[in-house]
Each structure stands twice: as structure tokens, then as C-alpha cells.
Amino acid sequence: MTPENHRRRAGDDIDCDCDNLAGKVGDDTCDKVLVEVCRANKLGVTITIWDLPQVTGLPLHEAFAAVRALEFGRILSIGDDPANPFGATLHIQDAAMMRLDKLRAA
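FYI, the numbering for the sequence shown is 1 to 106, going by my numbering.
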């Protein structure tokens, strides 16, 4: 599967409590985005940058900046769509979940 059409099944690789991720990244905006992407991935629902303002209450430009910061930190992967940059699908990287779980345990 290509990143553009990748879909997780419900519960696929995401076995954490998404609400416990809040505070792990250190930035309130990034935390909100991370929690919502986690919830969507856990349910097997595709979430895009366009969806974030509705589910987080953040303006689009802040949500986009948070996504790029989380991508830079190797927490999220973005299935880029050159024809529609804000329609890019978002996924939590499996390696990031392991790192965040270790932070939770510490």
C-alpha cells in the first residue's frame, strides 16, 4: 500500500490510551493534534490535516504547524498528496509509540 491510501484497522498497532499521550510532547497544540491522530488511527479512521480544526478546535495554520513539528520529531508520518497538501493523511509512527510509552512509564 502507498502512504496515500494506507488505512489502519481498528486497534492495529495502537494499543495505548490516547488521552495519556497529552503532555508527552511538551506543546499543548502538538499534544491536541497527537491525541486526535491517535484516536483516529486507533479507530481505523483516515484523518487529514483538513480534519484537525474540527476535532481539535485549532485554526488550520496552527494545526498544520503542529503536524509539521510532529513530523520533524518523527512522531507522525504524513501521506503527502501533491494535489491537495491539506488532504494529506496522518499516521502515528510505530517507533514513536514505543518512545512515548517509555516516557509514560518513566
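Even glycine gets a Cβ: it sits at the ideal position worked out from N, Cα and C.
Count the other C-beta atoms from every protein chain shown that fall within 10 angstroms of the C-beta of residue i, then say buried if there are 16 or more, exposed otherwise.
i	result
Ala95	exposed
Asp51	buried
Phe64	buried
Leu60	exposed
Val25	buried
Take residue i as the anchor and find which of the options has the nearest alpha-carbon.
i	options	result
Cys18	Thr29, Val33, Glu62, Ala69	Val33
Ile75	Arg99, Asn20, Gly87, Ala65	Arg99
Leu58	Met97, Ala83, Glu36, Val25	Glu36
Ile92	Leu70, Asn20, Asn84	Leu70
Asp27	Gly79, Asn84, Glu62	Glu62
Can you check whether the CB of residue j is closer than 7 Å to the CB of residue i?
i	j	result
Ala88	Thr29	no
Ala40	Asp31	no
Ile49	Phe72	no
Where does the unbroken beta strand (DSSP E) through residue i begin, and where does it stop?
i	result
Gly87	No beta strand (DSSP E) contains Gly87, which DSSP labels as neither H nor E.
Gly79	76-79
Quick check on the DSSP output: what are the complete alpha helix (DSSP H) runs of length 4 or more inside the stretch 13-62, in order along the chain?
Correct list: 28-43, 52-56.
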